[in-house]
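Okay, so the sequence shown: first residue is 1335 according to this note's numbering, each after it adds one. Here a beta-carbon is modelled for each residue, glycine too, at the ideal position from N, C-alpha and C. The structure appears below as structure tokens.
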Amino acid sequence: MTASEYNKCVDDFSDGVYRFILHNTRDKDEAKDVVQDTFEKLWMTHTNVSYEKAKSYIFTTAYRTMIDKIRRAKKSARMEDYHLDELKTERQYSDVKEVLREAVSKLPEIQKSVIMLRDYEGYSYQEIGAITNLNESQVKVYIYRARTFLKEYIGSVENVL
């Protein structure tokens, strides 16, 4: 990859990677750090990465960097540690984005990551598997579980409107 191709990667993919990491971490500074670390790693290996594979490399590196930071901070929590009844909401909302953002924040990290890659970034199951080091069936299971939780958490349309 040349320097101009690297700069094009920064221009084309930095916003998408930032949004993906921000949705998962909910911390602007941490998301910026992960994006910066990702592009630093890309620059360090730019001679080994082709421009055509740069997007996949960037998202994979960002995802793994985010997971490493989460593990170091010991912020991850398992779904089994929570009672679903406690996570349900009875409040009335008029902002669907707010409800969705709150519901997604309650998901375990791996489910949050795969649902964000699939529904927000539009990756295929196979691409998500490559990014997260999961096989395609595991990706489908995590997405199914995340969607089921979101459906239970949000409840009916009347709760949202």
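So, using beta-carbon positions, are T1394 and K1375 closer together than 8 Å?
At least 8 Å separates the beta-carbon of T1394 from that of K1375.
Could you tell me the alpha carbon to alpha carbon distance between C1343 and A1388, rounded to whole angstroms?
Straight-line spacing of the CA atoms in C1343 and A1388 works out to 7 Å.
Compare the C-beta of T1394 against all C-beta atoms of chain C and say whether one is closer than 8 Å.
Of the protein chains in this structure there is only one, and it is not chain C.
Nearest-angstrom Cα distance between E1455 and T1466?
The C-alpha of T1466 is placed about 14 Å away from the C-alpha of E1455.
Just to confirm the assignment, what range does the alpha helix (DSSP H) spanning G1456 have?
Note, G1456: premise wrong, no alpha helix (DSSP H); not H, not E.
Using the Cα positions of T1379 and V1430, report the straight-line distance between them to the nearest angstrom.
For T1379 and V1430, the distance between alpha carbons rounds to 41 Å.
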